[in-house]
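Data first, discussion second: the structure below is written as structure tokens.
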Amino acid sequence: MNIQRKITFWLVFIFFYTFLYYGWLLNWKSNEGLLTLGGNILSVGGGMIATTWLLLSAHKSLQSDKPFWLFLAAGAYSNFLAEFLWLTYENLLKMEVPFPGLPDLFYLLQVVFYLAAFVYKVIKEKKQHHLITFIFDILIIMTVASTFSWHFLLQPIIASSQVSSFSLVVSLAYPVGDLVLLFGTVTLFFMSQTFYSKTIVVLFSGLLTQIFADSSYLYLISSDSYFSGSFIDPLFTLAVLLIGFTGLVDKEAKAQNQKPQIQRNPNQLLGVFRIAFPYINVTILFVFMVSRSNGVDVVTIGSAFSILLVIIRQIFVLRENQKLLDQVLDKKEELEAGRKFDGSSSTFRGPSTESASAALPKFRDTDAKIQFLAYHDSLTGLANRALFEATLNQAVLNAQLHNHFFAVMFLDLDNFKKVNDTMGHDAGDQLLIMISHRLKECIRKNDLVARLGGDEFTFLIRDISSPQDAAFIAEKIIKSLSQPYMVEGEEIFNSPSIGIALYPLNGTTPAALLKKADVAMYQVKENGKGHYRLSETEDIGFLGNKSTTHIKEHQR
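Position in the sequence shown (from 1) plus 387 gives the number in the numbering used here.
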């Protein structure tokens, strides 16, 4: 079945399942036994289906993403257990479902597991100080949500009847937990680079549905008007099915080679909203407090204005700090990889026909030259294998922590051996120096080009926002290197073959990325040379699944 049709089929199935649930409630509203039995069976089935979808997604996902999908699957399974217990109480034991009771335990565990999934994503994709900020944001929102829930929902219950403290805690946990989940989803949307856009939309829709259902349930419970078979029951099933469908959408999107949300910094307006969201909650609480006071005086107005200015200032400071942090991390990556000689430290700027020794920078002492040669190619002055591998290792670590996407390219010259064989090694060395000079002019300042040996070169292309960014640089390299060279008075043509691997689409380790780029380059050699090949999907065979790598070839 076509992938898009498969997605459409299951989406139609979800809404058909929901309409079937509502149809059952309407058709058997006069028969309480059949009403509750059918409704409970459909609720149990929804949890089971969602759990299956999420487990399949965990099985198909990258190793680093498995815990996220397993946590979501545990949440869906908790929903299944809660609904099964509800069915047992109501239809098998023929007794009223207690509140709070065992089903509530698993309903709340569902929220806990969902929250654990989001926290895992935050830990995986952010540094420790970002995690601390996230936790404080969560605490602010929980405080505001608890305050409003207590005032509007729980206080009337306390005033009108005798309610145990445990019942109050359980009642409060539902809206607070749901609001925290909503904030977690919004946070993932703003910061994540490993989600597809449809995945975020479906996950967001599922959680919004659950929030509405939980809030309605709590309201009906507080007014003593909830009954099994209520209009909100199918919404719980719809919510868990949509969350389960998230796994299916993500899995199929990967199979379809779609591009995830890989912008390093999302839309500026969205980023500001993400930072401002906790402060907006505090502002709302303050406005509510003022509205309940006896009157507004100059002290209240001054306090409100001061708080507003502090919040605005804090938002601007946080945005500026984020920009500065990104710049510092880029510099740190270069310094740690090559010590004081990074990929841009080569100072070869002379004419393309200069000697190999002239391609190296001049040093005042032998130690500096030795250290330079430890990280650079002695012929061209480019980074060598040691520096490239160290820089690539650091790039992978930073990409995992800070949501960066990058590309690795493997380049091999098509006719270099012929030059060596016919004109000699001195001519070959001159050609390599000229090629190295052109390569450095083709890449950006923060990218890195290295000579591994012979006529093999590798590239680290940092901070890309799409595969097309890497393709653009590859095309630029091919165009430049395909121009003629003058070596010992003769005009020489020497085109390159390039393979490209993308992080994390084609691999999450340096070895995997280099292997993918190397394989793609040899595919180019076998198909006419002189162009590049872009590997578009990850091979997740190490997870037990063999997927075909889909490739696009681009002719000159």
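Note that the Cβ used here is the ideal one computed from N, Cα and C, for glycine as well.
Here the structure is a predicted model, which is why all the values come from computation and not from measurement.
Residue i by DSSP, collapsed to three states: which one?
i, result
"residue 926", "Residue confidence is low: residue 926 scores 41 on pLDDT, short of 50, so the model does not pin down where it sits. No coordinate-derived value is stated."
"residue 746", "Because residue 746 sits at a pLDDT of 48, beneath the cut-off of 50, its placement in the model cannot be relied upon, and the point is left open."
"residue 464", "helix"
"residue 890", "strand"
"residue 795", "strand"
"residue 872", "strand"
"residue 878", "strand"
"residue 823", "helix"
"residue 484", "coil"
"residue 851", "coil"
"residue 679", "coil"
"residue 449", "coil"
"residue 650", "Note that residue 650 scores 43 on pLDDT, short of 50, meaning its location in the model is unreliable and no value can be drawn from it."
"residue 619", "coil"
"residue 739", "Note that residue 739 has pLDDT 38, beneath the 50 cutoff, so the model's placement of it is unreliable and the number below is only indicative. DSSP places residue 739 in coil when its eight states are reduced to three."
"residue 830", "coil"
"residue 612", "coil"
"residue 790", "coil"
"residue 415", "coil"
Return yes when the Cβ of residue j is within less than 8 Å of the Cβ of residue i, no when it is not.
i, j, result
"residue 632", "residue 589", "yes"
"residue 504", "residue 459", "yes"
"residue 440", "residue 634", "yes"
"residue 825", "residue 882", "no"
"residue 810", "residue 875", "yes"
"residue 412", "residue 422", "yes"
"residue 921", "residue 865", "no"
"residue 508", "residue 455", "yes"
"residue 489", "residue 474", "no"
"residue 466", "residue 427", "no"
"residue 797", "residue 845", "yes"
"residue 767", "residue 823", "yes"
"residue 908", "residue 884", "yes"
"residue 769", "residue 704", "no"
"residue 842", "residue 799", "yes"
"residue 807", "residue 815", "yes"
"residue 607", "residue 433", "no"
"residue 492", "residue 560", "no"
Under the rule that 16 or more other beta-carbon atoms within 10 Å means buried, what is residue i, buried or exposed?
i, result
"residue 784", "exposed"
"residue 416", "exposed"
"residue 539", "exposed"
"residue 485", "exposed"
"residue 614", "exposed"
"residue 838", "buried"
"residue 558", "buried"
"residue 674", "exposed"
"residue 450", "exposed"
"residue 553", "exposed"
"residue 871", "exposed"
"residue 498", "buried"
"residue 831", "exposed"
"residue 701", "exposed"
"residue 678", "exposed"
"residue 436", "buried"
"residue 414", "exposed"
"residue 395", "exposed"
"residue 401", "buried"
"residue 611", "exposed"
"residue 812", "exposed"
"residue 903", "buried"
"residue 650", "Residue placement at residue 650 is poorly supported in this model, since its pLDDT is 43, which falls under 50; the coordinates still yield a value, given next. Counting Cβ neighbours within 10 Å, residue 650 comes out exposed, since fewer than 16 surround it."
"residue 406", "exposed"
Can you tell which of the options has the C-alpha that lies nearest to the C-alpha of residue i?
i, options, result
"residue 858", "840, 871, 889", "889"
"residue 667", "698, 692, 847, 762", "698"
"residue 669", "556, 404, 606, 533", "533"
"residue 594", "624, 618, 909", "624"
"residue 636", "526, 397, 879", "397"
"residue 630", "913, 782, 444", "444"
"residue 464", "564, 418, 424, 438", "438"
"residue 853", "794, 391, 915, 782", "794"
"residue 840", "772, 597, 502", "772"
"residue 829", "856, 863, 914, 604", "863"
Just grab the DSSP bridge partners of residue i for me.
i, result
"residue 441", "Its beta-bridge partners do not exist; DSSP assigns none."
"residue 763", "770"
"residue 436", "Paired residues: none, contrary to the question."
"residue 838", "844"
"residue 800", "883"
Counting only beta-carbon separations shorter than 8 Å, does residue i have a partner in chain C?
i, result
"residue 631", "Structure shown: chain C not included; a single protein chain is present."
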